[in-house]
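Reviewing the structure listed below.
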Amino acid sequence: MNTGKISARYAKALYEFAADANVADKVYETMKLVSAAFVSVDGLKDAIANPTISKDKKKELLTIMAGDSVCAEYTRFVDLVVENKREDYFQSIALVYQDLYRKKKNLVRATVVTACPISADEEKRFRQVLTNVTDADIDFDTTVDPALIGGFIMEVETYQLNASVKSQLDTIREKLRYSNSANVQC
């Protein structure tokens, strides 16, 4: 069986279990924390997949990754995954759960990267525009990247709009390079 099928089955089972217990929202937030931990903590995935680390330590790691407010359903799910020796699929399960949750709740994931922090009013306007365009609720994240100089980069699901000053300067630079190399005659 491949990773995609295993992850999808476990994620679907977790969603159904969490939805029945009315904690699907809480588990969604937990899975966001877990998937972020896998990305930000070096060696975490290797530690979870390491057969020399005890089941109890793996359960403890997966619980710590979930943050302070872990629900009982998440803990039971961690126990099930580790007991079935599927913990090396946990990162993928967390990502598939998030996708499944967003699909069921008609949520669209959006990220806006700006050169400086945006105000609550600006975030509200971004959210409103995205809601109107997608006809869905928005799961909205913002990030600050001073390298953009100004403007923003908006990512919605698999689409990206790059309206940053840095991008515009890079485009101008490339056009100047191309026009200079085309005008050079030997």
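Take 201 as the starting number for the sequence shown in our numbering and just add one per residue.
Each residue gets a CB set at the ideal place from its N, CA and C atoms; glycine is no exception.
Query	Result
Cβ atoms of residue 290 and residue 262: under 8 Å apart, would you say?	yes
Among 242, 273, 293, which has the Cα closest to the Cα of residue 207?	293
I need the straight-line Cα distance from residue 224 to residue 381, nearest angstrom please.	57 Å
For the alpha helix (DSSP H) containing residue 355, list its first residue and its last residue.	Per DSSP, residue 355 belongs to no alpha helix (DSSP H); it is in the beta strand (DSSP E), 351 to 356.
Could you tell me the boundaries of the beta strand (DSSP E) in which residue 364 lies?	359 to 364
How about residue 307 and residue 347: are their beta carbons less than 8 Å apart?	no
Indicate whether residue 351 and residue 365 have their beta-carbon atoms separated by less than 8 Å.	yes
Decide if the region 302 to 321 is in contact with the region 337 to 346; the criterion is three or more beta carbon pairs, one per stretch, under 8 Å apart.	yes
Run through the DSSP bridge pairs and tell me what residue 310 is partnered with.	340, 356
Any chance the CB of residue 236 is under 7 Å from a heavy atom of the ligand PLP?	By its list of ligands, the structure shown contains no ligand whatsoever, and the ligand PLP lies outside what it can speak to.
Could you give the C-beta distance for residue 265 and residue 237, rounded to a whole number, given that I count them as a contact under 8 Å?	4 Å
By the DSSP assignment, the alpha helix (DSSP H) with residue 321 in it spans what residues?	320 to 334
Kindly indicate which three-state DSSP category residue 203 falls into: helix, strand or coil?	helix
By Cβ distance, which residues of its chain are closer than 6 Å to residue 331, with the 5 residues on each side in sequence left out?	338
When DSSP labels each residue in this structure, what does residue 286 get in the three-state scheme?	coil
Return the chain-ordered list of same chain residues with a C-beta closer than 7 Å to the C-beta of residue 258, the five sequence neighbours on each side being excluded.	248, 282, 287
Rounded to whole angstroms, how far is the Cβ of residue 255 from the Cβ of residue 298, which I believe are closer than 8 Å?	Going by Cβ atoms, the distance from residue 255 to residue 298 rounds to 25 Å, so no, they are not a contact pair.
Would residue 349 be called buried (16 or more neighbouring beta carbons within 10 Å of its own) or exposed?	exposed
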